[in-house]
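Please read the structure below before turning to the comments.
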Ligand SMILES: Nc1ncnc2c1ncn2[C@@H]1O[C@H](COP(=O)(O)OP(=O)(O)O)[C@@H](O)[C@H]1O
Ligand SMILES: [Mg+2]
């Protein structure tokens, strides 16, 4: 992975985050997550870029980088989760804003989990599930054994992993969604969630903090909920038909590992109810951020500094 620093600085200075397609150097969007946008710059092949919400000062950037690094180290060393290589680039742009980019190797689109799922068949589903259940079960045991002292959260959705084929219907997994590192030490999240709240209208921040944020973060520390979330997202990928098979694979595996008495087996009504609630949460969150963008750019005529997802198909 080679990051051209001069080019990245020029990109940042010409970027219109509210309307990225109108920027001096146009980014190619690789994917929208719930929080950030991942893109490439054609003149910098092989690199995927993630632009973090703006920070107030260099100390905040330093902290954020340290948490990401610690998070990835823990994932790899304690849970055997392979994480894509990454690097940080921070800069001050022409508006005097402190901006942090996380650069990663650009992974082939066809290797990303939800792409494989979309056209996947049942033996492939077996392979995919094995490749994520191995690391997720290790994560579950890690969190269980560490109790309150240290908990690692992870968003296990297939759209956060790249898969390499390692045999017929066998895959090895590589995790890349590292820009929202979730680490709890004695019950307290290390991440400064305030940076994500800045993209909501200020008069509604209290609502988001109270209603959504803790609920959303909680679930990523609970591996059972991570699994529910993973399967509920099959709806989004148009593969509702694979939810029951995935659930059976997962329950059988949990049973084999002797985890079932501690963890209830997954069941379908729960997954369906979860999905409805999840769509609600993210739709509201995105709506609030779009409202904020509208007010800032159209009414107040201010600069708007977040790259929001476009329309998400649900
Ligand atoms: N390193 C990468 N190479 C290629 N595509 C990527 C890479 N990282 C992310 N993407 C694409 O962008 C999407 C969102 O990225 P992700 O890191 O999951 O961000 P978020 O935290 O917003 O979910 C992914 O589902 C994937 O399609
Ligand atoms: Mg993601």
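Residue numbers (this note's numbering): 74 to 387.
Cβ coordinates follow ideal geometry from the N, Cα and C atoms, glycine included.
Inset, instruction - Compute the beta-carbon to beta-carbon distance between residue 180 and residue 193, rounded to the nearest angstrom, for a pair I have assumed lies under 8 Å. - result: Taking the first residue of the chain shown as position 1, residue 180 is located at position 107. Taking the first residue of the chain shown as position 1, residue 193 is located at position 120. Rounded, the Cβ-Cβ distance is 17 Å, inconsistent with contact.
Inset, instruction - Kindly indicate which residue of 164, 289, 127 has the alpha-carbon position closest to the one of residue 81. - result: Here residue 81 refers to the residue found at position 8 when the chain shown is read from its first residue. Of the candidates 164, 289, 127, the one whose C-alpha sits nearest the C-alpha of residue 81 is 164.
Legend entry - Span separating the alpha-carbon of residue 376 from that of residue 327: Along the chain shown, read from residue 1 onward, the residue named residue 376 stands at position 303. Along the chain shown, read from residue 1 onward, the residue named residue 327 stands at position 254. Their Cα atoms are separated by approximately 50 Å.
Inset, instruction - Quick one: give me the first and last residue of the beta strand (DSSP E) that residue 325 is part of. - result: Sequence index remark: in the chain shown, residue 325 carries index 252 (1-based). Not the beta strand (DSSP E): residue 325 falls in the alpha helix (DSSP H), residues 316 to 329.
Inset, instruction - Can you grab the Cα-Cα spacing for the pair residue 119 / residue 162, in whole Å? - result: In the chain shown, residue 119 corresponds to position 46, counting from 1. In the chain shown, residue 162 corresponds to position 89, counting from 1. Going by the C-alpha atoms only, they are around 16 Å apart.
Legend entry - residue 374 versus residue 113: straight-line alpha-carbon distance, rounded: Position 301 of the chain shown, counted from the first residue, corresponds to residue 374. Position 40 of the chain shown, counted from the first residue, corresponds to residue 113. Cα atoms of residue 374 and residue 113: separation of roughly 28 Å, rounded to the nearest angstrom.
Legend entry - Rounded Cβ spacing between residue 336 and residue 297 (contact assumed at less than 8 Å): Locating residue 336 in the chain shown gives position 263, where the first residue counts as 1. Locating residue 297 in the chain shown gives position 224, where the first residue counts as 1. Rounded, the Cβ-Cβ distance is 5 Å, consistent with contact.
Legend entry - Minimum C-alpha distance to residue 173 - residue among 223, 109, 209, 278: Locating residue 173 in the chain shown gives position 100, counting from the first residue. Comparing Cα-Cα distances from residue 173 to each of 223, 109, 209, 278, the minimum goes to 109.
Inset, instruction - Look up residue 244 in the DSSP assignment and say whether it is helix, strand or coil. - result: The residue you call residue 244 lines up with position 171 of the chain shown. Three-state DSSP puts residue 244 in a strand.
Legend entry - Element boundaries [beta strand (DSSP E), containing residue 289]: As a working note, residue 289 is residue 216 in the chain shown. Membership of residue 289 in any beta strand (DSSP E) is not indicated; the residue belongs instead to the alpha helix (DSSP H) covering 287 to 294.
Legend entry - Stretch pair the segment 206 to 219 + the segment 147 to 154: three plus CB contacts closer than 8 Å: yes
Legend entry - Limits of the alpha helix (DSSP H) - the one that residue 160 falls within: Here residue 160 refers to the residue found at position 87 of the chain shown. Element bounds for residue 160: not the alpha helix (DSSP H) but the beta strand (DSSP E), 159 to 165.
Inset, instruction - Tell me where the beta strand (DSSP E) around residue 112 begins and ends. - result: Counting from one through the chain shown, the residue named residue 112 turns up at place 39. Counting along the chain, the beta strand (DSSP E) containing residue 112 begins and ends at 110 to 113.
Inset, instruction - Please state if the CB of residue 324 and the CB of residue 339 are separated by a distance shorter than 8 Å. - result: By one-based count along the chain shown, residue 339 stands at place 266. By one-based count along the chain shown, residue 324 stands at place 251. Going by C-beta atoms, residue 339 is nearer than 8 Å to residue 324.
Inset, instruction - Grab the span of the alpha helix (DSSP H) containing residue 40 for me, first residue to last. - result: No information on residue 40 is available, as it lies outside the stretch 74 to 387 that the chain covers here.
Inset, instruction - Give the C-beta separation of residue 123 and residue 252 to the nearest angstrom, bearing in mind that I take them to be a contact with Cβ-Cβ under 8 Å. - result: Start at 1 with the first residue of the chain shown, and residue 123 comes out as number 50. Start at 1 with the first residue of the chain shown, and residue 252 comes out as number 179. Indeed, because the Cβ distance is near 5 Å, the residues count as touching under 8 Å.
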